[in-house]
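Numbering (my numbering), first residue to last: 2 to 214.
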Amino acid sequence: MSKTYRWAIVGLGNIAHSFVKYFDQPDGEIYAVCSRSQEKANAFAAEHNIPKAYGNLDELLADEQVDIVYVATPHNYHIDTILPALRAGKHVLSEKAITMSSTQLAIANDELATVALTFRAKMPKRGIVAYENGYFTVDTYPRADSATFTDSEGHTETITAGDSTNAMNYEIADMQKMVAGELHNTSLAKTTDVMDIMTAARAQWDFRYPFEN
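This is the structure we're talking about:
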């Protein structure tokens, strides 16, 4: 009999609603939600028929039924959930950006068990991959289900694969496979590379968030 992985969502904004909408795992369930407001947690849980609602992170992490924590708070608060969750023995799936900087991620590295990074943006994204004899155009990257190849003479061909509306569910399925030891976790190394690039770029631009000290 396979294990049922029980998920908990921390942070109940728009992305949390999307997570619940697309969650569809035969061996997983959304078991609990957590917000700084107990009232908000109760309302979210009632709306989506989720068994447990917490207004305190420590109480959520003390729940032994929770296997995986999905961090959907604003990214400046990610580290405040990631570290306690890992120290409580939970697996963690975090929204982007995983932390504020490479420095924060380096602190978390001592604790990290299984962490995956998801990308989401409100602005349209287009990826272009150029070759000697043509190029691919990928719209709505990185959650695309089609790509258009244009050759050197201007002829085009569209390639389709997968279902972009189910993209988040693919990530959830991969996370559960990593926890089960069925899939090698390469996300931490990739996430570290991304954070190094972002931190270096911010330093070059002398860019600071309003909430940074």
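Glycine included, C-beta positions come from ideal geometry on N, C-alpha and C.
Source: prediction; values computed, not measured.
What residues are listed by DSSP as bridge partners for residue i?
i	result
W8	I31, I69
V21	V21 pairs with nothing; no bridge assigned.
V195	None, per the DSSP bridge assignment.
K53	A33
S38	None; S38 has no bridge partner.
S147	T161
G128	V139
D152	G135
Does the beta-carbon distance from residue i to residue j come in below 7 angstroms?
i	j	result
I216	A73	Because the chain here runs from 2 to 214, residue 216 falls outside it and cannot be looked at.
V21	H49	yes
V70	A33	no
G128	S153	no
K41	L13	yes
D140	G163	no
D59	R7	no
If you drop the 5 nearest sequence neighbours on each side, which residues of the same chain put their C-beta closer than 8 angstroms to that of residue i?
i	result
L184	D175, K178
N170	Y23, F24, D25, Q26
A89	L62, A63
Using C-beta distances below 6 angstroms, list every residue in its chain close to residue i, excluding the 5 sequence neighbours before and after it, in chain order.
i	result
F212	N77
T138	I129, T149
I51	I31, V34
F45	L13, V34
N43	A54
S36	L13, A42
E133	none
Q39	G56
Spatial neighbours of residue i within its chain, please: C-beta separation below 7 angstroms, excluding the five flanking residues on both sides.
i	result
L113	Bear in mind that the predicted position of L113 carries a pLDDT of just 49, short of 50, making it too unreliable to give a figure here.
T5	D28, G29, E30
A204	none
T119	Low per-residue confidence applies at T119: pLDDT is 40, beneath 50, and the placement is therefore not dependable, though the value from the model is reported in the following sentence. Counting only Cβ-Cβ distances below 7 angstroms, and skipping sequence neighbours, we find E96, K97, E172.
T161	D146, S147
D81	none
Q66	R7, Y32
Does the stretch 82-99 come within contact of the stretch 166-180, defined as at least 3 CB pairs closer than 8 angstroms? Contact holds: three or more Cβ-Cβ distances are below 8 angstroms.
When the Cβ atoms of the stretch 47-56 are set against those of the stretch 153-173, are three or more pairs found closer than 8 angstroms? With a cut-off of 8 angstroms, the stretch 153-173 and the stretch 47-56 do not count as touching, because too few Cβ pairs lie within range.
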